[in-house]
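Before any comments, here is the structure.
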């Protein structure tokens, strides 16, 4: 019995340590020291594309604002997709996956979007790429 | 049982260490074969000038190519070499004589000149190199074709149409504290690369294929004619420009030094999609110049509107703010507006944020404006602004000396008799208490030009009733935004 309790305590301790490790690795000062989670976005046919560069203010908020303007002008597909996928092994990103607005946007692969994209000679003002 | 396991491990070890002698390029047979083929293409005098004792072969196990560099006697391999692509038996498939002149300083991207010749001495390409790019291939209006992703492993790669051209020469930071080293795309120079830099459709596979140079299209149109090429279509291998400077990436064998090849995938090279600033300026030609009016607007986007002096916003990432330009030309009822700014290709490293990194230009349409100053200009001033904007865009990005504000202000001031100036932004980090009871010395960082101080300057000008006060707009409401850019034009 005493052995079982000891084992349980050990397991609990391991779980708590693991949770704390993941939580700390998700904290902003530590997280930003090794990674800036910029993501790229597109609508269904690539007529709207946006590349985040949060370091200089081109964040998801700006992407959303620009996409609203795009929708107002009725220039193409009206659903925004996230092009960066979530990775279950990137435990340091779990916080962003849960709380960040940009990860609430549905994911679609660029390969699929690009196959539906019209040929273009030049980008429009709504296309970063 | 133990003996059995031991024997199995021994067999595995023997097999894992075994080299395929037939394909081992580091043998004298390989070099002998290459040289015998070279004798057919090079004159005896030229051949005698080659230093055949210091050949560098890019590791074929990594790149899938047998790419050999032979220097000339008494010359550095970083400046002059014969570049050969061979098969495993030493038969020459492609060849170039390469001459490079690097005018850039240490730590900055390669800029200078390049000359590519055939073995017979015919000049194939002569070009200036700016920030690693061959100007002759990028400034001539080559139409890029977006790459098609064919490899399932690259589904997360996000190709940009303008990003089809990987730089032919790049700078790679080599760990913290050590000097960056120049790497070169040998495949690109040979015209056989996945990047399609010099492709013009096929190549005949002969040793004297001096004619297949210049203006190839995007990579998707480029041919991968080498049967022994296993380079993935969305990546390019780069080799150190001067392998002798990177000993830990080289290994000798059979008279040839095998150098490591570094693979760059597109998503790694292109951290942000860039705009071709020349193509942005091309669109102004849509407006007839007779009677046209021009204006330039210098805009500031603060990281935290409620605290204009704050250095960064740490909410949802690291945001240091931005300074950008809005250029407008109007006439004959036509109006063209372009918004653009200067960026690092990827966010500066938190470990060494002041390290020079390659820069990129980005469309800044629909971006928040917290402060701006507008200036009317004439066509001559517009031309000065155009040339300054293009020239400054080739500089490396350095957070404290060549950032977005330095760029925008440099362009804006290029036509002003009284340049706009600002106070430097000084960040002070207090000393940290150490375990021995002492404190570390405080750290002071000075950034010459910053969005925060530009905002403060414009704010002062407005409140002090400066002559240009009426051209200054201040808005911290998040509602003032730049117009949507016209986009690039050919």
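Protein chains in written order, with our numbering: chain A, 55 to 183; chain B, 240 to 729. Just so you know, even glycine gets a beta-carbon here, dropped at the ideal spot from N, CA and C. Bear in mind the structure is a predicted one, so any value in this text is a computation, not a measurement.
message = Taking 8 Å as the threshold (C-beta atoms), are residue 110 (chain A) and residue 559 (chain B) in contact?
response = Here residue 559 (chain B) corresponds to residue number 320 of the second chain, with the count starting at 1. Here residue 110 (chain A) corresponds to residue number 56 of the first chain, with the count starting at 1. Yes; because the gap between Cβ atoms is below 8 Å, this pair is in contact.
task = May I have a chain-ordered list of the alpha helix (DSSP H) segments no shorter than 4 residues that lie completely inside the segment 78-156 of chain A?
result = 82-88, 114-126, 148-153
request  = Just tell me which of B:479, B:358, B:341 has its CA closest to the CA of residue 351 (chain B).
outcome  = Walking along the second chain from the start, residue 351 (chain B) turns up at place 112. Checked all of B:479, B:358, B:341; the closest Cα to residue 351 (chain B) is B:341.
ask   = Three-state secondary structure (DSSP) at residue 336 (chain B)?
value = On the second chain, position 97 is the one that residue 336 (chain B) refers to. Note: residue 336 (chain B) maps to strand in three-state DSSP.
ask   = Is any beta-carbon of chain B found at less than 8 Å from that of residue 158 (chain A)?
value = By 1-based counting over the first chain, the position of residue 158 (chain A) is 104. Taking Cβ atoms only, chain B never reaches closer than 8 Å to residue 158 (chain A), which makes this a no.
DSSP bridge partner residues for residue 578 (chain B) (one or two, in chain order) = Residue mapping note: residue 578 (chain B) aligns to position 339 of the second chain, counting from 1. In DSSP, residue 578 (chain B) forms a bridge with B:565.
key: Three-state secondary structure assigned by DSSP to residue 701 (chain B)   = Along the second chain, read from residue 1 onward, the residue named residue 701 (chain B) stands at position 462. Note: residue 701 (chain B) maps to helix in three-state DSSP.
message = Excluding the 5 residues flanking residue 150 (chain A) on each side, which residues of the same chain have their C-beta closer than 7 Å to its C-beta?
response = In the first chain, residue 150 (chain A) corresponds to position 96, counting from 1. Hits under 7 Å: 91, 157.
ask   = What residues in the segment 307-318 of chain B bring their beta carbon closer than 9 Å to a beta carbon of chain A?
value = none
key: Segment contact, 8 Å Cβ cut-off, at least three pairs: the segment 710-728 of chain B with the segment 611-627 of chain B   = yes
ask   = Quick one, are the C-beta atoms of residue 514 (chain B) and residue 602 (chain B) less than 8 Å apart?
value = Locating residue 514 (chain B) in the second chain gives position 275, where the first residue counts as 1. Locating residue 602 (chain B) in the second chain gives position 363, where the first residue counts as 1. Taking 8 Å as the Cβ cut-off, residue 514 (chain B) and residue 602 (chain B) qualify as a contacting pair.
message = Which of the three DSSP states is assigned to residue 607 (chain B) in this structure?
response = Position 368 of the second chain, counting from 1, holds the residue named residue 607 (chain B). Strand at residue 607 (chain B).
query = Considering only the beta carbon of each residue, do residue 318 (chain B) and residue 338 (chain B) sit closer than 8 Å?
reply = The count along the second chain starts at 1 and reaches residue 318 (chain B) at position 79. The count along the second chain starts at 1 and reaches residue 338 (chain B) at position 99. Against a cut-off of 8 Å, the Cβ pair of residue 338 (chain B) and residue 318 (chain B) comes out as a contact.
task = Would you kindly check if the distance between the Cβ of residue 721 (chain B) and the Cβ of residue 606 (chain B) is under 8 Å?
result = Counted from its first residue, the second chain places residue 606 (chain B) at position 367. Counted from its first residue, the second chain places residue 721 (chain B) at position 482. For residue 606 (chain B) and residue 721 (chain B), yes; Cβs fall inside 8 Å.
task = In the DSSP assignment, find the unbroken alpha helix (DSSP H) run with residue 167 (chain A) in it and report its ends.
result = Position 113 of the first chain, counted from the first residue, corresponds to residue 167 (chain A). Counting along the chain, the alpha helix (DSSP H) containing residue 167 (chain A) begins and ends at 164-169.
inquiry  = Tell me the residue span of the beta strand (DSSP E) that contains residue 602 (chain B).
reply    = The residue you call residue 602 (chain B) lines up with position 363 of the second chain. That run of the beta strand (DSSP E) goes 598-602.
key: C-beta neighbour in chain A for residue 605 (chain B), strict 8 Å   = Reading the second chain from its first residue, position 366 is the one you call residue 605 (chain B). Chain A, which has a Cβ nearer than 8 Å to the Cβ of residue 605 (chain B), makes this yes.
message = Within 8 Å of any Cβ in chain B, is that where the Cβ of residue 72 (chain A) sits?
response = Locating residue 72 (chain A) in the first chain gives position 18, counting from the first residue. No - not a single Cβ of chain B is within 8 Å of the one on residue 72 (chain A).
key: Between the CA atoms of residue 583 (chain B) and residue 635 (chain B) - distance to the nearest angstrom   = The sequence position of residue 635 (chain B) within the second chain is 396, counting from 1. The sequence position of residue 583 (chain B) within the second chain is 344, counting from 1. Rounded to whole angstroms, residue 635 (chain B) to residue 583 (chain B) spans 8 Å at the Cα level.
message = Taking the alpha-carbon of residue 562 (chain B) as reference, which of B:678, B:648, B:271, B:685 has the nearest alpha-carbon?
response = Taking the first residue of the second chain as 1, we reach residue 562 (chain B) at position 323. For the residues B:678, B:648, B:271, B:685, the minimum Cα distance to residue 562 (chain B) belongs to B:648.
request  = Check the Cβ-Cβ distances between residue 75 (chain A) and every residue of chain B, and say whether any is below 8 Å.
outcome  = Start at 1 with the first residue of the first chain, and residue 75 (chain A) comes out as number 21. No, residue 75 (chain A) lies away from the interface with chain B (no Cβ there is under 8 Å from its Cβ).
request  = Spell out the partners DSSP gives residue 352 (chain B) in its beta bridges.
outcome  = Here residue 352 (chain B) refers to the residue found at position 113 of the second chain. DSSP lists B:340, B:367 as partners of residue 352 (chain B).
message = Can you pull the chain A neighbours of residue 204 (chain B), defined as C-beta to C-beta under 8 Å?
response = Lying outside 240 to 729, the shown extent of chain B, residue 204 (chain B) is not represented and no answer is given.
ask   = With a Cβ-Cβ cutoff of 8 Å, do residue 333 (chain B) and residue 429 (chain B) count as a contact?
value = On the second chain, position 94 is the one that residue 333 (chain B) refers to. On the second chain, position 190 is the one that residue 429 (chain B) refers to. It is a contact, given that the beta carbons lie within the stated cut-off.
task = From the DSSP output, in three-state form, read off residue 272 (chain B) for me.
result = Your numbering for residue 272 (chain B) matches position 33 in the second chain. DSSP places residue 272 (chain B) in helix when its eight states are reduced to three.
Whole-angstrom distance between residue 311 (chain B) and residue 283 (chain B), CA atom to CA atom = Within the second chain, the letter at position 44 stands for residue 283 (chain B). Within the second chain, the letter at position 72 stands for residue 311 (chain B). Each residue's alpha carbon lies about 14 Å from the other.
message = Tell me the DSSP secondary structure of residue 468 (chain B) in three-state form.
response = To locate residue 468 (chain B), count along the second chain from 1; it is residue 229. Any answer about residue 468 (chain B) is weak, because its pLDDT of 32 lies below 50 and its placement is not dependable; what the coordinates show is given next. Coil at residue 468 (chain B), not helix or strand.
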